[in-house]
Amino acid sequence: MIDKTFASAAEAVADIPDGASLAVGGFGLSGNPIALIEALLAQGTTDLSIVSNNCGVDDWGLGVLLNAKRIRKMTSSYVGENKEFERQFLSGELELELTPQGTLAEKLRAGGSGIAAFYTQTGVGTQVAEGGLPRKYDGTGGVAVASPAKDVRSFELNGRAGDYVLEEAIVTDFALVHAAAGDTHGNLIFNKAARNFNPLAAMAGRTCIVQVEHLFQPGELDPDRIHLPGIYVHRIVEVGGDIEKRIERRTVSVAEALGRDIPEGA
């Protein structure tokens, strides 16, 4: 039997080199592997190419690596919560491959499943398929790197013909993932919305590193509750259930915001 546990987050990420590509779980700040991200920040790794739904916020999640200028390229579907991201992108310091969210999820899943590419209708008739999306600016308002055109083919599906764009799978050098629970063999359970991109990121990484809140021995977890089997996981570190978790925005009801009751029917 293989024990995949590491003593600390720092030890688990110690061999991630400058210039590595990473698939990182999380959606907004939900399910961010923050202990692994902070360990990567502390060891000084730089020139990273990161695939993640978004890049955190200015002072949390992947935003801490961005603020330290450790990220060379982001492949993401949403970038609207991070002002430093906007500044670096528009000034030509950061490359961005903007990808539709469902397509990004499937590119990661395909990479982990041994599927080289797939056709999808998402993006047909737009710059996603036709090319020309700015990936990197030159610092003076011009586009230094633009997205290329992609292969588009017509298929008939369910009796309807239509165009589909070819999207290539994503495989990265490493994956950083957060899970609620796992065992020493790497079998993982995610908690509700924190499941998000974490299993997909785990599948796409050649070496998958996971932080878990609670670590169990083999056989202690109900097999029917396992969301991701240990075959995808190479390293696992326990960070505790009291690890800090943040959200981008706290939403309250109108009544709470006004500090008074709202009449029924109002």
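Quick note on numbering that gives the first Met the number 0: the sequence shown kicks off at 0 and runs consecutively. Note that beta-carbon positions come from the ideal geometry of N, C-alpha and C, so glycine has one too. All values reported here derive from a predicted model rather than from experimental measurement.
query = Near Phe5, which residues of its chain fall below 6 angstroms by C-beta distance, leaving aside the five closest residues on each side in sequence?
reply = Ala11, Arg234, Val236
ask   = Which of helix, strand or coil does DSSP assign to Glu92?
value = coil
key: Under the three-state DSSP convention, the category Glu237 falls into   = strand
message = Quick check: the Cα distance between Glu212 and Asp241, rounded to an integer number of angstroms?
response = 8 angstroms
task = Examine the Cβ distances between the stretch 145 to 156 and the stretch 178 to 187 and report whether three or more of them are shorter than 8 angstroms.
result = no
query = Touching or not, the stretch 30 to 43 and the stretch 63 to 80, by the rule of three or more beta carbon pairs under 8 angstroms?
reply = yes
Collapsed DSSP secondary structure at Tyr77 in the structure displayed = coil
request  = Report the residue ranges of all beta strand (DSSP E) runs contained in full by the stretch 23 to 84; include only those spanning at least 3 residues, in chain order.
outcome  = 47 to 50, 70 to 75
request  = Please check the pair Gly60 and Gly25, which I expect to be a contact at CB under 8 angstroms, by giving their CB distance rounded to whole angstroms.
outcome  = 6 angstroms
query = Are the stretch 215 to 227 and the stretch 165 to 175 touching, with three or more C-beta to C-beta distances below 8 angstroms?
reply = no
inquiry  = Can you check which of these residues, Val56, Arg159, Gly55, Leu165, is closest to Thr119 by C-alpha distance?
reply    = Leu165
key: CB contact below 9 angstroms: Arg224 versus chain C   = No chain C is part of this structure, which consists of one protein chain only.
key: Status (buried if at least 16 other CB within 10 Å, exposed otherwise) for Ser20   = buried
message = Check for me: the beta strand (DSSP E) holding Ala179 runs from which residue to which?
response = 171 to 182
ask   = Can you name the start and end residues of the beta strand (DSSP E) that Thr125 belongs to?
value = Unbroken run through Thr125: none, as it is neither H nor E.
task = Would you identify the three-state DSSP class for Ser112, choosing helix, strand or coil?
result = helix
request  = Consult DSSP for Lys135 and reduce its assignment to one of helix, strand or coil.
outcome  = strand
ask   = Quick one: what's got a C-beta closer than 8 angstroms to Glu8's C-beta in the same chain, skipping five residues either side?
value = The question names Glu, but residue 8 in the sequence shown is Ala. Excluding sequence neighbours, Ala8 sits near Ala34, Leu35, Glu37, Ala38, Gln210, Val236, Val238.
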